[in-house]
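Colleague:
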Amino acid sequence: PTFVEDLKSLKEGNLHITLMTLPCLGILVFNIVPLVFMISMAFTSYSKEGNHLTLFDWNGLTQFGRVLNMNGNVGRQFWHVLAWTVVWAILATFLNYILGMMLAMVINRKDTKGKGFWRFCFVLSIAVPQFVSLMVMNTMLQPHGAVNVLLKNAGLINQPLPFWQN
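According to my numbering, the residues represented by the sequence shown are 1 to 166, in order.
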């Protein structure tokens with residue numbers, strides 16, 4: 001096929017390719033490129049503790065040795081945070097599974113009274129995180145919220161944008 005025929009097929013027969021282009025670019029720009037950058041940065045001497053005005057040097061695995069060493073301050077912090085993260089992940093998964101299974105068994109029993117209340121408990125655990133997110137977004141989009149303050153500091157606006165007025 002010619003180039004023009006290929007372009008026409010992207011509008012008709014291969015529309016899925018056209019529609020997936022933007023999401024794939026978003027994944028590339030917002031996920032893969034930062035991931036590659038951060039992995040590359042792990043092999044450098046860039047540090048919060050050092051002088052930021054100098055360029056970094058490639059130093060291989062020495063930073064990993066620093067992090068994995070229990071005797072150093074960074075190593076102790078890393079292992080402490082890793083331990084709590086693993087404990088949290090295991091307990092959260094285990095409790096979520098067990099309590100969800102118990103709630104399902106309670107709701108499915110024939111002689112359970114107040115099934116509506118138990119279903120409400122289940123839906124509440126789903127709805128609360130979204131409600132908190134909505135409250136955060138509401139606060140961020142206020143006239144003196146984070147979005148308007150950042151836009152003002154960047155010099156992009158002079159007055160707060162009326163997100164909730166119009």
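Don't be surprised by glycine CBs; every beta carbon is placed ideally from N, CA and C.
Near LEU124, which residues of its chain fall below 7 angstroms by C-beta distance, leaving aside the five closest residues on each side in sequence?
Modeller: For LEU124, where only same-chain residues beyond five positions count, there are no Cβ hits under 7 angstroms.
Colleague: Check whether the Cβ atoms of ASN69 and PHE43 sit closer than 9 angstroms, and answer yes or no.
Modeller: Contact flag unset, no.
Colleague: Short check: CB of LEU141 to CB of TRP164, under 9 angstroms?
Modeller: For LEU141 and TRP164, yes; Cβs fall inside 9 angstroms.
Colleague: Can you tell me whether ASN73 is buried or exposed? The criterion is at least 16 other CB atoms within 10 Å of its CB, across all chains shown.
Modeller: Flag for ASN73 reads exposed.
Colleague: Is DSSP giving THR44 helix, strand or coil here?
Modeller: Strand, per DSSP.
Colleague: Let's test the definition: count the other Cβ atoms within 10 Å of the Cβ of ASN31 and tell me whether it reaches 16, buried, or not, exposed.
Modeller: Flag for ASN31 reads exposed.
Colleague: For PRO143, collect the residues of the same chain with a Cβ closer than 6 angstroms to its Cβ; drop the 5 residues on either side in sequence, then sort them by chain order.
Modeller: The answer, listed in chain order, is PRO160.
Colleague: Just how far apart, CA to CA, sit ASN14 and MET105?
Modeller: Computed Cα separation, rounded: 47 angstroms.
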